[in-house]
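Single-structure report; data block below.
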Amino acid sequence: MDFVLDFILEQEEPNRSILEYLHEVLSREPELVPRIRYDIPFYFRTSWVCYLKPIKEVGVELAFTRGNELSNANGLLDNRGRSQVAGVIYTSIKEIDLRPLQETLQEALLLDETVKYKSKRK
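The C-terminal residue of the sequence shown carries number 427 in my numbering, and the numbering is unbroken.
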């Protein structure tokens, strides 16, 4: 059973369509494994790379768990006051520009591959 697809199909529109589209984009990366964690879809490689978080009446956030370590050269990401996570909120599929999304995703995957994540928990 695919718990991530089940989660997506339980969501209301327009978030369902946004989640389906972003899940499809992320699933094109063969090394990324989707799993439900903390009641939302996370995408894992050697560590958590990103997650999709539906925000009622706002849209869907695609958040990168190590966003503070990414260059954000294309200006896609906003940390919204968070020290580690940075993401982008989409309110419709039309807003999704694949070029900066793919650039950010590739940078996040390279970071995950080359720099081991060090937890700040003690």
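Ideal placement from N, C-alpha and C gives every residue a C-beta, glycine not left out.
Computed from a prediction, not measured in an experiment: that's the story for all the values here.
Inset, instruction - Mind checking which residues open and close the alpha helix (DSSP H) that includes proline 405? - result: 403 to 419
Inset, instruction - Measure the C-alpha to C-alpha separation of leucine 327 and glutamate 318 and round it to an integer number of angstroms. - result: 14 Å
Legend entry - Cβ neighbour criterion (16 or more within 10 Å) applied to arginine 404: exposed
Inset, instruction - Using the Cα positions of methionine 306 and phenylalanine 312, report the straight-line distance between them to the nearest angstrom. - result: Below a pLDDT of 50, predicted positions are generally treated as unreliable, and methionine 306, at 47, falls in that range; the measurement from the model is reported next regardless. If you take the alpha carbons of methionine 306 and phenylalanine 312, they lie about 11 Å apart.
Legend entry - Proximity below 8 Å, CB of valine 365 to CB of leucine 357: yes
Inset, instruction - Provide the residue(s) that pair with aspartate 383 in DSSP beta bridges, ordered along the chain. - result: Gly392
Legend entry - For phenylalanine 349 and isoleucine 401, the rounded distance between their alpha carbons: 22 Å
Legend entry - Where phenylalanine 369 falls, given that 16 or more other Cβ within 10 Å makes a residue buried: buried
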